[in-house]
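Chemist: So that we are looking at the same thing, I have put the structure below in structure tokens.
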């Protein structure tokens, strides 16, 4: 396509195109004159055919026809017996008929080819334009969704200030606000064109860093590792929500009364179809809300997200902290 685009500049300039046609004819004529003594009889159009084809290809239909007419008349007058005459006989008629048929087919094919290429180029430009419009609209939609979530979080902040002194209500509002704000950030990150192609390791590293920053925990270190994996956006959202829920729970509860802590997140490939997610903290462990039907809201959310990934969440509460593990399908 790029090679054809180079010639469209000459095709778009008629004067230059016809000058090229005349120059091609003159070059072909003098080359035929030079070769005349060395060629056997019967090759009157030997140098004119390439000139006509090149002119039609480079300069277009009109210049190609001009070059073909000039070349045909010159070959008829100078190289077809009787020489230096425009007399028409059977031999001359056959030679001219052969020439007209060949150059007509060549010029027509080249013209049709460029017409098809032109239509294809127009369709490609239209497709590219539509793609850009759809991309812009989609990005604007995602931006509005994220803004709406941030607005809802702001309303909940206002409601919290007006709430009664009930610790349970304030805690529930705090949790809801944190989840909505986290979802807003996650939404922006996942649908940001600059980070759309980011590898899983970079995506989770940025996500965990955002969570630590949002929590204000300056004394917590993190470690993230993820094997390369191609996860579609819908499943990546679910996985990110699960990681967010577990990490936020650790930041909120695991290191209370401690000088610091550490959270490690890893995604490792089990086989071609399955990945293993593991999130570990070295906090004080879970108390009260255990995994299972009777667990707390956070645990139930994590288990539900795990089931959406066709996996089962296993949470181990040990003296050395809490480990959350999930083996799930990659696609």
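Residue numbers (the numbering used here): 27 to 357. Where is the CB? At the ideal position from N, CA and C, for every residue including glycine.
Helix, strand or coil for residue 62? Go by DSSP, reduced to three states.
Modeler: Note: residue 62 maps to coil in three-state DSSP.
Chemist: For residue 305, which residues does DSSP report across the bridge?
Modeler: Answer by DSSP bridge pairing, in chain order: 291 and 350.
Chemist: Cutting at 7 Å between CB atoms, please list the residues of its own chain near residue 50, excluding the five before and the five after it.
Modeler: Answer for residue 50: 77, 80, 81 and 93, listed in chain order.
Chemist: What is the residue span of the alpha helix (DSSP H) that residue 271 lies within?
Modeler: 259-275 is the span of the alpha helix (DSSP H), which, as asked, contains residue 271.
Chemist: On the premise that residue 210 lies in contact with residue 175, defined as a C-beta separation below 8 Å, what is that separation, rounded to the nearest angstrom?
Modeler: Right, the Cβ-Cβ distance comes to about 4 Å (below 8 Å), so this counts as a contact.
Chemist: Is it true that the CB of residue 293 sits closer than 8 Å to the CB of residue 230?
Modeler: In this structure, residue 293 lies closer than 8 Å to residue 230 by Cβ.
Chemist: Considering just the uninterrupted stretch of the alpha helix (DSSP H) at residue 80, what are its terminal residues?
Modeler: Looking at the DSSP string, the run of the alpha helix (DSSP H) that includes residue 80 is 74-85.
Chemist: Does the distance from the C-beta atom of residue 332 to that of residue 354 stay below 8 Å?
Modeler: The answer is yes: Cβ separation under 8 Å.
Chemist: Starting from residue 251, follow the beta strand (DSSP E) in both directions and report where the run begins and ends.
Modeler: Element bounds for residue 251: 246-252.
Chemist: May I have the straight-line CA-CA distance separating residue 18 from residue 251, to the nearest angstrom?
Modeler: Residue 18 is absent from the structure shown; the chain starts at 27 and stops at 357.
Chemist: If residue 89 and residue 38 are in contact, beta carbons under 8 Å, what's the gap, nearest whole angstrom?
Modeler: Contact flag wrong, Cβ pair sits at about 12 Å.
Chemist: Are at least three pairs of beta-carbons, each pair with one atom in the region 97-113 and one in the region 55-74, less than 8 Å apart?
Modeler: In short, these stretches touch, since the Cβ pair count reaches three.
Chemist: Determine whether the beta carbon atoms of residue 257 and residue 356 lie at a separation below 8 Å.
Modeler: Cβ atoms of residue 257 and residue 356: closer than 8 Å.
Chemist: Residue 275 to residue 144, Cα distance in whole Å?
Modeler: Cα to Cα, the separation comes out at about 60 Å.
Chemist: Distance check for residue 73 and residue 60, CA to CA, integer angstroms please.
Modeler: Computed Cα separation, rounded: 11 Å.
Chemist: I need the DSSP call for residue 325, collapsed to helix, strand or coil.
Modeler: Here residue 325 sits in helix by DSSP.
Chemist: Any idea which residues DSSP pairs residue 114 with across the strands?
Modeler: The partner list for residue 114 (beta bridge, DSSP) is empty, contrary to what the question assumes.
Chemist: In this structure, how does DSSP classify residue 106 when only helix, strand and coil are distinguished?
Modeler: Residue 106 falls in the coil class under three-state DSSP.
Chemist: Beta-carbon within less than 8 Å of residue 65's beta-carbon, same chain only, minus the 5 sequence neighbours each way: which residues are those?
Modeler: Excluding residues within five positions, the ones whose Cβ falls inside 8 Å are 72.
Chemist: Taking a contact to mean a Cβ-Cβ separation below 8 Å, would you say residue 277 touches residue 352 in this structure?
Modeler: Their beta carbons are not under 8 Å apart, which means residue 277 does not touch residue 352 by this criterion.
Chemist: Which word fits residue 341, buried or exposed, when buried means at least 16 other C-beta atoms lie within 10 angstroms of its C-beta?
Modeler: Label assigned to residue 341: buried.
Chemist: Given a threshold of 16 other Cβ atoms within 10 Å of its Cβ, counted over all protein chains shown, does residue 228 qualify as buried or as exposed?
Modeler: Its Cβ having fewer than 16 others within 10 Å, residue 228 is exposed.
Chemist: If we ignore side chains and look at the alpha-carbon of each, how far apart do residue 160 and residue 337 end up?
Modeler: So the alpha carbons of these two residues sit roughly 35 Å apart.
Chemist: State yes or no: is the C-beta of residue 207 within less than 8 Å of the C-beta of residue 179?
Modeler: In this structure, residue 179 lies closer than 8 Å to residue 207 by Cβ.
Chemist: Would you kindly work out how many angstroms separate the C-alpha atoms of residue 347 and residue 305, rounded to a whole number?
Modeler: Going from the Cα of residue 347 to the Cα of residue 305 covers about 11 Å.
Chemist: So what's residue 37 in DSSP terms, helix, strand or just coil?
Modeler: Here residue 37 sits in helix by DSSP.
Chemist: Identify every residue that forms a DSSP beta bridge with residue 186.
Modeler: Its beta-bridge partners do not exist; DSSP assigns none.
Chemist: What are the residues that DSSP puts in a beta bridge with residue 339?
Modeler: Beta-bridge pairing links residue 339 to 352.
Chemist: How about residue 335 and residue 265: do their beta carbons lie closer than 8 Å?
Modeler: A contact, by the Cβ cut-off of 8 Å.
Chemist: Hey, quick one: how far does the alpha helix (DSSP H) through residue 238 stretch, first residue to last?
Modeler: Segment 226-241, the alpha helix (DSSP H) holding residue 238.
Chemist: Helix, strand or coil for residue 310 per DSSP?
Modeler: Note: residue 310 maps to coil in three-state DSSP.
Chemist: Where does residue 301 land, buried or exposed, given buried means 16+ other C-beta within 10 angstroms?
Modeler: Classification for residue 301: buried.
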